[in-house]
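Numbering (the numbering used here), first residue to last: 1 to 146.
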């Protein structure tokens, strides 16, 4: 709800923080893959309904939810993933932020490519992806601290 009420109203040039991805980042690794996909879709759909976008957030979060287990396994040993709740404290600083940055960048890339539906203005697309990802990661960093 914070995304819809507060952060969706923040717009700096072409940059918008999309912090609802933090929910997907924090889901426990024990959550079955099918549930992660369903919940990822529903999370994106909730945002789509409230900001009046035609399924773009649902598609982007479902895409990232699909890749999430592989990303977790890529940044941690297989034994560490089993009972993990992804947090900086449980994963360590560097693995957690690599994981979080990967999720955020993949999500924002999928979302903004779907939004533009072309690569007509690649510089603007890159500014939106990188700027929004950096702002989102900054806010996620603050959320992790409090």
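Glycine is no exception: its CB is placed at the ideal position from the N, C-alpha and C atoms.
Taking the Cβ atom as the reference point for each residue, do residue i and residue j lie within a distance shorter than 8 Å?
| i | j | result |
| --- | --- | --- |
| residue 24 | residue 61 | yes |
| residue 15 | residue 107 | no |
| residue 58 | residue 45 | yes |
| residue 69 | residue 26 | no |
| residue 111 | residue 65 | no |
| residue 19 | residue 123 | no |
| residue 54 | residue 135 | no |
| residue 119 | residue 125 | yes |
Am I right that residue i and residue j are in contact with their C-beta atoms under 8 Å? What's the rounded C-beta distance?
| i | j | result |
| --- | --- | --- |
| residue 75 | residue 89 | About 15 Å separates the two Cβ atoms, so there is no contact after all. |
If you reduce the DSSP assignment to three classes, tell me which class residue i lands in.
| i | result |
| --- | --- |
| residue 19 | coil |
| residue 121 | coil |
| residue 3 | Unreliable positioning characterises residue 3 in this predicted model, as indicated by a pLDDT of 47, which lies under 50. The coordinate reading is nonetheless provided below. Residue 3 falls in the helix class under three-state DSSP. |
| residue 77 | coil |
| residue 97 | helix |
| residue 112 | helix |
| residue 145 | helix |
| residue 69 | helix |
| residue 87 | coil |
| residue 133 | helix |
| residue 30 | coil |
| residue 35 | helix |
Out of the options, state which residue places its alpha-carbon closest to the alpha-carbon of residue i.
| i | options | result |
| --- | --- | --- |
| residue 94 | 66, 42, 45, 141 | 141 |
| residue 28 | 48, 115, 72, 41 | 72 |
| residue 100 | 67, 47, 43, 51 | 67 |
| residue 33 | 54, 82, 117 | 82 |
| residue 137 | 105, 36, 117, 123 | 105 |
| residue 147 | 49, 146, 109, 143 | Outside the displayed range of the chain (1 to 146) lies residue 147, so it cannot be described from this structure. |
| residue 56 | 42, 114, 43 | 114 |
| residue 13 | 92, 103, 128, 52 | 128 |
| residue 103 | 130, 49, 146 | 130 |
Is the closest heavy atom of the ligand NAD to the C-beta of residue i under 7 Å?
| i | result |
| --- | --- |
| residue 43 | Ligands in the displayed structure: none, and consequently the ligand NAD is not present. |
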